[in-house]
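Undergrad:
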Amino acid sequence: MPSLEFNPLTLLLLQIAAVLLVSRSLGVVTQWIGQPLVIAEVLAGIVLGPSLLGWLWPEAMATLFPQQSMPALRMLSQVGLVLFMFLVGLEFDPRLLQGRARASVIISHSSIVVPFALGAVAGWWLYDAYAAEGVSYVSFVLFLGVAMSVTAFPVLARILSERNLLGSRVGALTMTCAAVDDVTAWCLLAFVVAVARAHGLEQALWTTVLALAYIALMLKVVRPFLGRLGMRVASREGLTSTVVALILLLLIASSTITEMIGIHALFGAFLFGAILPKEGRLAEMLAEKLEAVAVVLLLPLFFAYSGLRTEIGLLQTPAEWLVALGLIGVASLGKFGGSTLAARLTGMRWREASALGILMNTRGLMELIVLNIGLDLGVISPTVFTMLVVMALVTTFTTTPVLALVYPDRELARDRLAAPPETEVAGAAPFTAMVSLSHSDRGPGLALLAGALAAQRQARVYALHLRLPSDRPSAVLRDEQDADEGPLGAFLRQAGELALAVKPLSFVSAEPATDICRTARAKQASLVLLGAHKPLLLEGSFGGTVSEVLEQAPGTVGVLIDHGLTKIERVLVACAGSTADVEALRLAARIGAAPGVRITTLCVAPPGGGKNAEPCPACAAVPEVAAGMRTVEHASPAAAVLDEVRRGYDLVILGMHEDWGLSGSRFGFRRRTLAESPASILAVHSAEAGQISAGRSA
Numbered sequence: 006m007p008s009l010e011f012n013p014l015t016l017l018l019l020q021i022a023a024v025l026l027v028s029r030s031l032g033v034v035t036q037w038i039g040q041p042l043v044i045a046e047v048l049a050g051i052v053l054g055p056s057l058l059g060w061l062w063p064e065a066m067a068t069l070f071p072q073q074s075m076p077a078l079r080m081l082s083q084v085g086l087v088l089f090m091f092l093v094g095l096e097f098d099p100r101l102l103q104g105r106a107r108a109s110v111i112i113s114h115s116s117i118v119v120p121f122a123l124g125a126v127a128g129w130w131l132y133d134a135y136a137a138e139g140v141s142y143v144s145f146v147l148f149l150g151v152a153m154s155v156t157a158f159p160v161l162a163r164i165l166s167e168r169n170l171l172g173s174r175v176g177a178l179t180m181t182c183a184a185v186d187d188v189t190a191w192c193l194l195a196f197v198v199a200v201a202r203a204h205g206l207e208q209a210l211w212t213t214v215l216a217l218a219y220i221a222l223m224l225k226v227v228r229p230f231l232g233r234l235g236m237r238v239a240s241r242e243g244l245t246s247t248v249v250a251l252i253l254l255l256l257i258a259s260s261t262i263t264e265m266i267g268i269h270a271l272f273g274a275f276l277f278g279a280i281l282p283k284e285g286r287l288a289e290m291l292a293e294k295l296e297a298v299a300v301v302l303l304l305p306l307f308f309a310y311s312g313l314r315t316e317i318g319l320l321q322t323p324a325e326w327l328v329a330l331g332l333i334g335v336a337s338l339g340k341f342g343g344s345t346l347a348a349r350l351t352g353m354r355w356r357e358a359s360a361l362g363i364l365m366n367t368r369g370l371m372e373l374i375v376l377n378i379g380l381d382l383g384v385i386s387p388t389v390f391t392m393l394v395v396m397a398l399v400t401t402f403t404t405t406p407v408l409a410l411v412y413p414d415r416e417l418a419r420d421r422l423a424a425p426p427e428t429e430v431a432g433a434a435p436f437t438a439m440v441s442l443s444h445s446d447r448g449p450g451l452a453l454l455a456g457a458l459a460a461q462r463q464a465r466v467y468a469l470h471l472r473l474p475s476d477r478p479s480a481v482l483r484d485e486q487d488a489d490e491g492p493l494g495a496f497l498r499q500a501g502e503l504a505l506a507v508k509p510l511s512f513v514s515a516e517p518a519t520d521i522c523r524t525a526r527a528k529q530a531s532l533v534l535l536g537a538h539k540p541l542l543l544e545g546s547f548g549g550t551v552s553e554v555l556e557q558a559p560g561t562v563g564v565l566i567d568h569g570l571t572k573i574e575r576v577l578v579a580c581a582g583s584t585a586d587v588e589a590l591r592l593a594a595r596i597g598a599a600p601g602v603r604i605t606t607l608c609v610a611p612p613g614g615g616k617n618a619e620p621c622p623a624c625a626a627v628p629e630v631a632a633g634m635r636t637v638e639h640a641s642p643a644a645a646v647l648d649e650v651r652r653g654y655d656l657v658i659l660g661m662h663e664d665w666g667l668s669g670s671r672f673g674f675r676r677r678t679l680a681e682s683p684a685s686i687l688a689v690h691s692a693e694a695g696q697i698s699a700g701r702s703a
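Using the working numbering, read the sequence shown as starting at 6 and increasing by one per residue.
(1) Looking at L165: is its Cβ nearer than 8 Å to the Cβ of T156?
(2) Between L313 and T345, what straight-line distance do the alpha-carbon atoms span, to the nearest angstrom?
(3) Under three-state DSSP, which class holds Y412?
(4) Could you name the residues that DSSP lists as bridge partners for I686?
(5) Contact check, W665 vs A610 under 8 Å by CB: the rounded distance?
(6) Is it buried or exposed for H444, if we count other Cβ within 10 angstroms and need 16 for buried?
(7) Report the option in L380, R354, T391 and F402 whose CA atom is closest to the CA atom of R368.
(8) Quick check on the DSSP output: what are the complete alpha helix (DSSP H) runs of length 4 or more inside the segment 328-368, in order along the chain?
(9) Mind checking which residues open and close the alpha helix (DSSP H) that includes C580?
(10) Assuming the contact rule is C-beta atoms closer than 8 Å, L327 and P387 should be a hit. Round their C-beta distance to whole Å, please.
(11) May I have the straight-line CA-CA distance separating R3 from L453, to the nearest angstrom?
(12) Apart from the five residues on each side of it in sequence, which residues of its chain come closer than 7 Å, Cβ to Cβ, to L306?
(13) Assuming G362 contacts S115 under a Cβ cut-off of 8 Å, what Cβ separation, rounded to an integer in Å, is found between them?
(14) Could you give the C-beta distance for I266 and A216, rounded to a whole number, given that I count them as a contact under 8 Å?
(15) With R603 as the anchor, note down where its alpha helix (DSSP H) starts and where it stops.
(16) Taking Cβ positions, are M223 and L276 nearer each other than 8 Å?
(17) Please state the DSSP three-state secondary structure of M392.
(18) Looking at the C-beta of L370, does it have a partner C-beta in chain D at a distance below 8 Å?
(19) By the 10 Å Cβ neighbour count, where 16 or more other Cβ atoms means buried, how is V226 classified, buried or exposed?
(20) Would you tell me roughly how many angstroms separate the C-alpha atoms of M236 and L251, rounded to the nearest one?
(21) For K340, is the classification buried or exposed, using 16 other Cβ atoms within 10 angstroms of its Cβ as the cut-off for buried?
(22) Is the beta carbon of A137 less than 8 Å from the beta carbon of I385?
(23) Leaving out five residues before and five after W60 in sequence, what residues of the same chain have Cβ atoms less than 8 Å from its Cβ?
(24) What span of residues does the alpha helix (DSSP H) with E289 cover, start to end?
(25) Tell me, please, which residues DSSP counts as bridged to L467.
(26) Below 8 Å between beta carbons: does that hold for T761 and S691?
(27) Is G536 helix, strand or coil when you go by DSSP?
(28) Using the beta-carbon count (16 or more within 10 Å), is R64 buried or exposed?
(29) Below 7 Å, is the gap between the Cβ of L224 and the nearest heavy atom of the ligand NAD?
(30) Mapping the DSSP letters down to three states, classify V140 as helix, strand or coil.
(31) Tell me whether V43 is buried or exposed, calling it buried when 16 or more other Cβ atoms sit within 10 Å of its Cβ.
(32) Considering only their Cβ atoms, is the gap separating L332 from M392 smaller than 8 Å?
(33) If I measure Cβ to Cβ from V175 and keep anything under 6 Å in the same chain, skipping five residues before and after, which residues do I get?
(34) Just verifying my parser: in three-state terms, what is the DSSP assignment at R595?
(35) Let me check understanding here. Comparing Cα to Cα, which of G150, T315 and Q36 lies closest to V126?
Printed below as a string of structure tokens:
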């Protein structure tokens with residue numbers, strides 16, 4: 006049997022695998038309880054470190070993370086941090102400041118000055134008992150001030166996205182303040198690092214002068230060059246591997262120079278990302294290429310390295326735990342208090358100001374980066390490092406639940422769904438169609454259908470596009486500002502050609518089906534229109550979000566299976582006598598009122614006298630479609646529909662029930678009607694009919 010080689014490379018690969026496995030496993034739990042993924046990644050490092058694994062099974066920790074492997078793990082995590090700080094710099098977009106400059110400057114500076122002052126006081130109090138040997142009083146006090154002033158910009162973006170707050174006043178102002186906070190805090194940290202590394206006043210002055218000269222060089226020389234480079238990269242194809250290599254070389258050079266100056270490599274990475282032009286698509290495309298490797302693969306290694314350095318066992322006495330609790334209180338009082346009071350003074354309501362203060366108190370990843378820098382420099386001891394890691398975890402973990410109490414869903418719904426009063430016809434509520442869009446290729450067909458439904462009678466049409474949560478605030482800015490692209494843009498362009506008035510709605514949603522139904526209720530939608538789910542394996546066309554909407558929707562839902570719908574002139578509506586067909590017939594009657602549309606009604610009866618029978622109850626309930634009605638006998642209603650469709654129709658309207666081979670269940674084969682129909686199909690689900698059917702079957 007060949008021997009298995011266990012060398013430093015295989016050890017490093019096993020360490021990476023362990024970190025990813027534990028962090029992603031914990032991520033399922035933390036996201037289930039409403040916490041951001043960063044909490045799971047920090048906890049994964051602590052679980053694999055001396056605080057848990059080293060305590061329960063020290064031999065396993067010594068085998069997986071031997072001391073001689075730490076330098077390689079540290080260097081790899083530092084490379085990940087450099088890339089991540091470059092991405093954070095890319096996210097700093099000056100457009101965030103537009104229209105909010107005065108309020109954001111007041112709030113952000115208050116959220117820096119107040120916690121910095123309280124942190125400095127805490128540093129003065131803790132210096133004698135907890136400062137590392139040989140650390141100057143000034144370095145320790147300044148570092149504690151900076152550690153209390155940090156806000157986690159990326160984590161904050163994720164929380165705002167998941168809470169649907171990015172489009173609200175609170176969310177927009179919080180993101181602006183956090184962006185300004187980030188820049189200010191990193192400048193302060195660069196100064197503190199320079200002071201800590203300097204040996205004497207003269208060297209500290211030289212470090213400051215060189216740092217200012219470097220910043221001027223980046224702004225006056227490098228930034229214009231990057232602007233010209235961005236203009237040449239006009240498309241995704243323009244971002245060649247050579248361009249990416251050039252930008253990475255400049256990033257490495259920027260980080261190397263700031264490390265040599267004495268203000269840390271991470272500041273150079275952040276500054277380079279911040280000056281890179283946000284116009285065009287250069288920043289966006291770079292982020293897309295780098296963030297998967299930086300955030301998913303390398304960044305968790307930094308958390309693992311931080312966890313391996315965090316020893317909860319160092320807090321052995323009640324007094325040390327009281328100090329840790331005191332630091333949590335000082336940090337929260339400074340951030341929350343300073344931000345809330347400043348927000349209130351700028352005119353925000355107490356509830357909004359408190360929500361902003363809670364959000365600004367989020368620390369997460371950025372705090373850990375600052376703490377590791379302090380520990381590497383020897384400014385703080387392992388005990389103080391552990392205390393501050395506990396503070397970072399507590400302030401981040403409490404953000405989501407406390408925010409839910411202070412800024413509940415009813416406040417969020419009022420901010421997001423508030424709209425001017427709708428113009429209605431006296432005595433009658435208008436027909437309201439809400440079209441939910443998820444893919445660009447479904448937009449034109451859904452627009453044609455909405456146009457036919459709203460052609461002749463008083464109607465309102467809403468176009469809803471839900472975006473998935475993103476850690477990147479620039480992704481949200483891009484979605485909001487590039488309205489002419491994506492699913493919403495494709496729908497609006499087609500609606501413009503049809504002269505159809507549409508009111509667009511767009512926001513971030515972690516629960517698309519719930520938010521579709523919630524918005525439909527808020528807008529009093531008569532009909533929700535969706536594009537069919539694209540089947541995977543045995544999953545049906547009504548799986549995924551479509552299935553969840555069908556289960557939760559308060560009213561009628563129409564699902565379009567688009568087989569190339571380009572016009573609506575010949576429409577077939579079929580009836581098999583089910584109550585589920587009534588709403589399909591009503592929608593067909595409404596579409597038939599549009600100019601140039603001809604409706605054919607096919608009533609399918611079982612063999613034996615169907616042609617001479619009276620119209621079925623469903624057809625009788627909608628007399629508008631009786632003019633073009635034809636009755637046929639067939640043992641298979643689905644086959645009868647397919648036979649008729651081959652005569653040449655643009656659209657087939659069917660009630661959602663088993664007679665047509667349609668089902669709202671999550672799983673099932675693509676039935677014959679769906680797979681073989683040359684015409685597009687509008688499957689209509691009525692909540693009322695579904696309840697009646699369920700009652701009968703019971």
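Beta carbons: idealized from backbone N, C-alpha and C, even for Gly.
TA: Put simply:
(1) no
(2) 35 Å
(3) coil
(4) I686 is bridged to I566 and V657.
(5) Incorrect: roughly 15 Å between the Cβ atoms, too far for contact.
(6) Under this definition H444 is an exposed residue.
(7) F402
(8) Along the segment 328-368, the alpha helix (DSSP H) occurs as fully enclosed runs of 4 or more residues at 343-350 and 355-365, listed in sequence order.
(9) Premise fails: C580 lies in the beta strand (DSSP E), R575 to C580, not in any alpha helix (DSSP H).
(10) No, L327 and P387 are not in contact; Cβ-Cβ is about 18 Å, not under 8 Å.
(11) With the chain running from 6 to 703 in the structure shown, residue 3 is simply not present.
(12) I21, V24, L78, L81, S82 and G85
(13) About 10 Å; that fails the 8 Å criterion.
(14) 6 Å
(15) Unbroken run through R603 is the beta strand (DSSP E), R603 to A610; no alpha helix (DSSP H).
(16) For M223 and L276, yes; Cβs fall inside 8 Å.
(17) helix
(18) Considering every chain present, this structure includes no chain D. It has just one protein chain.
(19) So V226 ends up on the exposed side.
(20) 15 Å
(21) K340 should be labelled buried.
(22) yes
(23) G318
(24) L287 to E296
(25) Checking the sequence, you will find Tyr at residue 467 rather than Leu. Answer is M439 and K508, bridged to Y467.
(26) For residue 761 there is no data in the structure shown, the boundaries of the chain being 6 and 703.
(27) strand
(28) Rather than Arg, the amino acid found at residue 64 in this sequence is Glu. By the neighbour-count definition (other C-beta atoms within 10 Å, threshold 16), E64 is an exposed residue.
(29) Questions concerning the ligand NAD fall outside what the structure shown contains, since it holds no ligand whatsoever.
(30) coil
(31) Note on V43: 16 or more other CB atoms within 10 angstroms of its CB, so buried under the neighbour-count rule.
(32) yes
(33) Here V175 has E357, A360 and L361 as same chain residues with Cβ atoms under 6 Å from its own Cβ, once five neighbours each way along the sequence are excluded.
(34) In the three-state reduction of the DSSP assignment, R595 falls in the helix class, which pools H, G and I.
(35) G150
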